[in-house]
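Report on the following structure.
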Amino acid sequence: MKGPVQVENSVPCTMETGVSDRYVEQVQRAQRDPEAFWLSQARRLVWHKAPSHASRSDFGGDVRIAWYEDGQLNVAQNCLDRHVLTQPDKPALIWEGQEDGQRLVLTYRELHAQVCRLANTLRRLGVGRGDRVAIHLPMVAEGVVSMLACARIGAIHVVLFGGFSAEGLAERLVDSGAVVVITADVARRGAKAIPSKVTMDEALLACGASSHVRHVLVVPVTGTDVPMQPGRDLSYAAEVAMEIPDCPPEVMDACDPLFLMYTSGSTGRPKGVVHGTGGYLVWASYTHELVFAAQPGDVFWCTADTSWITGHTYVVYGPLCNGATILIYEGLPSWPQPGRWWDVIDRNNVSVFYTSPTVVRAAMREDADVVRSRSLSSLRVLGTVGEPISPEAWQWFHDEVGKACCPVVDTWWQTETGGVMLTASAGQVPGRPGAAGLPLPGIDAVLVDAQSQTVVEGAGDGLLCMARSWPGQAMTLWRDHERFRQTYFTTCPGRYFSGDGARREADGYFWITGRVDDVVNVSGHRIGTAEIEDAVATDAEVVESAAVGVPHDLKGQGLVVFVVPRTEGSLDPAAVRRAIAEGVGRYAVPEQIYVVRDLPKTRSGKIVRRLLRKIAAHDLSNLGDLSTLSDPDIVEDIIAQVAAQA
Ligand code: PRX
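Have a look at this one:
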């Protein structure tokens, strides 16, 4: 391996001249005949029955998203069996634990065997096609095995974040109607032990009679003794050991759901985004190959937790469908010492490293020697996702981690889009620090003027919409198709509305300007302000509250909550924090809580969030005409309150 590169003296090897001819040709081909283009992309999968058409989607009327409708396939077979035939001994999954020396390599043959054993276990426990299985695991191999085992038997997986509170878990268990849960005894997170099983027990208790959960499989991550309820709770290890390593895959229709992924919107409770089988897998495979210029020898490390969409598409489905080696690491970037992730890259010869801007910002703050003392010479492509990356952070990532030799792909996409939509695909589209890049071939991204509803041509800003469906598009919201239609297809009728605003340069590059709804992005975690306010409302001392996002150096955005108490002096901000930790999860606890006399409202009673956002960010310029508020004096009071707590 070569030693650390002196960035100052190196000649950047990522100086691309322009968009590649191949890319331009693909864009044109997809535009000319989308149906033929997407049908040809379906050939990247193995089908029991090949589809005769690509899209039967319609953004009008009741809205219908349907891809490869008459095709039949199995996702696990695509991700495993076909590679077992051609490359059985190739590592499919490398796992590193956070304790020194903990490492596990599973070849395609071994991963296939593990998936089959669990698939057989689930079948024996009565899980069948269309049943929901909740997966609540840290970054261990069993998380990937569980997802693929569900896919193998046609069960719909619902992966739940380890940071959700018991209430947050309960809500999703009830909504999804999960029949089996796969959890850990205890999860490790740096020096902390996260009591996964105990939290799951509390969640199941909170579900009460609304729970459909018949069994809980417990993965021994740390080997800690945990309470086991006889009859319901089972040892994962003992159960899978009873099964044979072979399990016939269920033949699924392309539009059968593959998984539910709960995400936050501007109103109401989290919604279960439903992804289908055929379209989603084509999209995962297509984007993984195109965006990262995937090569057969790649060791692909997407650092996202498998409980987020990024973990679904780029830890599991995209790279495994394409026969790559995936890496999963259990621990934090800088624990037990700074630079831990750089060591993981060097030890495992990671070639593609896909992470979040939050991780890059944190690494930038460390001593320059931390990154410079590592080789990182195996890296070929770097990527980020989840939030905007500033030009400075992009440059640092490019220069210091990529040693000025790796393209950096900033990828814009969403839970609902299934995979990357806008980016500077590695080696084909030159990266531009801070810009999201170009739409992928086949993506018809448009900017719509919010007032006039007209499409903005050329350079300009607007609401970021998609004029046409794409294979990775979510099909619906779990048991609430009407909410799906209303959320995504009514703001700009006839188009999918992303919830983001964007600006386009004359040469077509997009810059994301951020959410235009009440969704806050904290370290890449999408948090609906309504969820926070609902949790705060469980405190009897609260009359009402408003949560807003503010710029945050490290996290991108932070949360600030304004709370109105029932009686002056009756409300303890610590109780509000507790209510949020219990109702949503610790990850959503705000930076600041301001107890205020009232909230600024219009005469018709609508909270003026724009004012609260500015005041919370200490930006008192252009507050606008306050005389239209029902109580203009309240603004001064709130400003004083915020200043006093600064
Ligand atoms: O606001 C955009 C932001 O994250 C939102 C989607 O969040 P989620 O569904 O949790 O998916 C995150 C991982 C795909 C978007 O509406 N976002 C995502 N990627 C970027 C981004 N904002 C700016 N630049 C990005 N690259």
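Per the numbering used here, the very first residue in the sequence shown carries number 625; after that it's consecutive.
Even glycine gets a Cβ: it sits at the ideal position worked out from N, Cα and C.
**Asked** What are the boundary residues of the beta strand (DSSP E) that M1090 is part of?
**Response** Unbroken beta strand (DSSP E) run through M1090: 1084-1090.
**Request:** Tell me whether V635 is buried or exposed, calling it buried when 16 or more other Cβ atoms sit within 10 Å of its Cβ.
**Result:** For V635, the predicted model reports a pLDDT of 44, less than 50, meaning its position is unreliable; a value from the coordinates is still stated below. Exposed, by the Cβ-count rule.
**Request:** Would you mind giving the Cβ-Cβ distance between V983 and D922, rounded to the nearest angstrom? I have them listed as a contact below 8 Å.
**Result:** The beta-carbon distance between V983 and D922, rounded to whole angstroms, is 20 Å. This is too long to meet the 8 Å contact definition.
**Prompt:** Which residue's Cα is closest to the Cα of S1002: R668, R1103, P844, N973?
**Reply:** Measuring from the Cα of S1002, the nearest candidate turns out to be N973.
**Request:** Can you grab the Cα-Cα spacing for the pair V875 / L772, in whole Å?
**Result:** So the two alpha carbons sit approximately 14 Å from each other.
**Request:** Consult DSSP for W1036 and reduce its assignment to one of helix, strand or coil.
**Result:** In this structure, W1036 counts as strand in the three-state DSSP scheme.
**Message:** Looking only at its chain, what residues have a beta carbon closer than 8 Å to the beta carbon of V757, apart from the 5 residues adjacent to it on each side?
**Reply:** Same-chain partners within the cutoff: L746, V751, S770, C774, A779, I780, H781, V782, A802, V803, V804, V805, I806.
**Prompt:** Helix or strand or just coil, what does DSSP make of K1238?
**Reply:** In this structure, K1238 counts as helix in the three-state DSSP scheme.
**Prompt:** On the three-state DSSP scale, how would you describe Q1216?
**Reply:** Assignment of Q1216 by DSSP, reduced to helix, strand and coil, places it in the strand class.
**Item:** 7 Å CB neighbourhood of A1159 in its chain, flanking five on each side removed
**Value:** Excluding sequence neighbours, A1159 sits near A1203, I1204, G1207, V1208.
**Prompt:** Nearest-angstrom Cα distance between Q1019 and G1138?
**Reply:** Rounded to the nearest angstrom, the gap between the Cα atoms of Q1019 and G1138 is 21 Å.
**Message:** Given 7 Å as the limit, tell me if T1115 has its C-beta closer than that to any heavy atom belonging to ligand 1.
**Reply:** Not under cutoff, so the answer is no.
**Asked** What three-state label does DSSP hand L1000 in the structure shown?
**Response** Of the three classes helix, strand and coil, the one that applies to L1000 here is coil, per DSSP.
**Asked** Which residue spans inside the region 711-794 form an unbroken alpha helix (DSSP H) run of at least 4?
**Response** Taking 4 residues as the shortest admissible run, the region 711-794 contains the following complete alpha helix (DSSP H) segments, listed from N- to C-terminal end: 732-748, 765-777.
**Message:** Quick check on DSSP: helix, strand or coil for V1167?
**Reply:** Looking at V1167 - three-state DSSP - the assignment turns out to be strand.
**Message:** Can you find the residues in the same chain that come closer than 8 Å, C-beta to C-beta, to V843, ignoring five residues on each side of it along the sequence?
**Reply:** Counting only residues of its own chain and dropping the five nearest sequence neighbours on each side, V843 has a CB closer than 8 Å to the CB of L761, V764, E766, I806, T807, A808, D809, Y860, A861.
**Item:** R1092 beta carbon near ligand 1 (any heavy atom closer than 7 Å)
**Value:** No - ligand 1 has no heavy atom lying nearer than 7 Å to the Cβ of R1092.
**Item:** When T1191, A1154, F1186 are compared against E1165, the one with the closest alpha-carbon
**Value:** The candidate whose alpha carbon is nearest that of E1165 is T1191.
**Request:** Note the first and the last residue of the continuous alpha helix (DSSP H) segment covering K821.
**Result:** Per DSSP, the unbroken alpha helix (DSSP H) holding K821 starts and ends at 820-831.
**Asked** Can you name, in chain order, every residue of its own chain whose Cβ lies under 6 Å from the Cβ of Q1097, other than the five neighbours on each side?
**Response** Once the five neighbours on either side are set aside, the close Cβ partners of Q1097 are I689.
**Request:** Have a look at F1108 and M1099 and give me their C-alpha separation to the nearest angstrom.
**Result:** Rounded to the nearest angstrom, the two C-alpha atoms are 9 Å apart.
**Prompt:** What runs of the alpha helix (DSSP H), each 4 residues or longer, lie entirely inside the region 895-954?
**Reply:** Fully enclosed alpha helix (DSSP H) runs of 4 or longer: 902-915, 942-945.
**Asked** Can you round the beta-carbon distance between Q1075 and C1116 to whole angstroms, since I take them to be within the 8 Å contact cut?
**Response** Contact flag wrong, Cβ pair sits at about 12 Å.
**Message:** Suppose you measure from the CA of L828 to the CA of A700; what does that come to, to the nearest Å?
**Reply:** When rounded, the distance between both Cα atoms is 29 Å.
**Prompt:** Using the C-alpha atoms, what's the distance from A1198 back to Q722?
**Reply:** Near 32 Å, if we compare the C-alpha coordinates of A1198 and Q722.
**Prompt:** If you compare alpha carbons, which of A1212, E791, A815 is closest to Q961?
**Reply:** Looking only at A1212, E791, A815, the smallest Cα-Cα distance to Q961 is reached by A815.
**Prompt:** Which value, in whole angstroms, describes the spacing of the CA atoms of S835 and G787?
**Reply:** Taken atom to atom, the span from the alpha-carbon of S835 to that of G787 is near 20 Å.
**Item:** Among V850, D1177, I1067, nearest to R985 - alpha-carbon criterion
**Value:** If you compare the alpha carbons of V850, D1177, I1067 with that of R985, the shortest gap goes to D1177.
**Asked** Out of curiosity, what's the CA-to-CA distance linking C926 and V1220?
**Response** If I take the Cα positions, the gap works out to 42 Å.
**Request:** Taking the CB atoms as reference points, tell me whether V1032 and G1055 lie closer together than 8 Å.
**Result:** Yes, Cβ-Cβ distance for V1032 and G1055 is below 8 Å.
**Request:** Report buried or exposed for G1229, applying the criterion of at least 16 other Cβ atoms within 10 angstroms of its Cβ.
**Result:** Its Cβ having fewer than 16 others within 10 Å, G1229 is exposed.
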